[in-house]
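What follows is a single structure, written as structure tokens, with notes after it.
In this note's numbering, the protein residues as written are 1 to 291.
Next comes the structure, spelled out in structure tokens:
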């Protein structure tokens with residue numbers, strides 16, 4: 001292998017390292033015509049709340065970043081979502097194998113509970129590598145987007161910010177009935193979403209009862225929808241559509257340009273709701289699990 005130096009950096013990374021990864025992602029996109037930023041979780045690597053690490057490969061002659069693995073613990077439970085990108089000019093030189101070996105060691109050192117590999121659906125090069133290492137397809141998530149715009153609200157559905165004193169128990173029930181989440185899981189999710197700057201939990205009321213919830217997270221000129229749930233007894237009443245419209249209006253009023261969300265491609269019911277609300281697919285990420 002060439003003269004390559006490797007190092008591991010914990011998240012959040014410093015601005016210089018962030019710009020190096022961003023530049024490598026941009027160069028990869030220019031050569032391969034693939035958007036690597038989502039699989040690499042680029043938007044959170046330098047955020048104060050981010051948890052995880054990066055493994056970096058530098059050409060010792062040019063001092064340029066030529067390979068990276070980003071591993072992000074999104075939910076704080078030692079379960080990592082990771083992805084790898086190697087400079088197209090440095091592929092098949094052994095960098096990939098070295099990065100994956102260091103990744104395995106890092107997971108052991110951190111006593112990782114689980115891992116998922118994230119790949120752009122059209123990244124055939126990385127797909128072949130991880131399949132050779134024993135990873136198999138698990139599921140796919142797509143990023144959908146809609147323009148921020150003024151939206152006429154459904155006046156029978158009242159949407160407002162989350163109030164811990166009155167809304168905690170209704171949200172615990174909604175997440176339990178919708179997703180099967182345990183009480184502790186919901187409480188932990190709410191605590192995270194109420195402590196991270198730029199995130200807002202919204203609740204939807206129908207006839208004075210909390211029947212749905214949505215969380216928005218500001219990211220540059222976008223608002224991300226990070227969770228959306230409607231109590232099963234109140235689905236198909238326009239609650240999800242109203243919440244999505246609210247998110248677009250909130251983004252517009254806040255000066256953002258678009259609203260983004262992620263959804264599993266196997267979730268046909270959710271896909272139908274998002275398409276009906278004017279969201280369109282931007283890209284798809286395929287996830288692989290080991291074994």
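The beta carbon of each residue, even a glycine, is placed where N, CA and C say it ideally should be.
Owing to the predicted nature of the structure, the values given are computational and were not obtained by experimental measurement.
For the pair residue 144 and residue 280, the CB atoms are nearer than the 8 Å cut-off. Here the segment 160 to 176 makes contact with the segment 200 to 212; the two share three or more CB pairs at distances below 8 Å. Per DSSP, the beta bridge partners of residue 115 are 80.
Fewer than three pairs of CB atoms, one per stretch, sit closer than 8 Å, so the segment 187 to 199 makes no contact with the segment 262 to 276. Residue 234 sits buried, since 16 or more C-beta atoms from the chains shown fall within 10 Å of its C-beta.
Rounded to whole angstroms, the gap between the alpha carbons of residue 88 and residue 59 is 13 Å.
Straight-line spacing of the CA atoms in residue 226 and residue 128 works out to 30 Å.
The beta-carbon distance between residue 70 and residue 46, rounded to whole angstroms, is 11 Å. This is too long to meet the 8 Å contact definition. As far as DSSP is concerned, residue 90 takes part in no beta bridge. The C-alpha of residue 153 is placed about 7 Å away from the C-alpha of residue 245. Close CB contacts of residue 278 within its chain, under the 6 Å cut and outside five residues either way in sequence, are with 146 (chain order).
Contact between the segment 241 to 257 and the segment 114 to 121 is not established, with fewer than three Cβ pairs separated by less than 8 Å. Minimum Cα-Cα distance from residue 57 among the listed residues 18, 6 and 92 corresponds to 6. Leaving aside the five residues that flank residue 48 on each side, the residues in its chain whose CB is nearer than 7 Å to its CB run, in chain order, 12.
Counting the other CB atoms within 10 Å of its CB gives residue 75 a total below 16, which places it among the exposed residues. The DSSP-derived three-state label of residue 133 is coil.
For residue 3, the closest alpha carbon among the candidates 64, 104 and 35 is that of 64. Using a Cβ distance threshold of 8 Å, residue 99 and residue 84 count as a contacting pair.
A distance below 6 Å between beta-carbons, with the five flanking residues on each side excluded, links residue 238 to the following residues of its chain, in chain order: 154.
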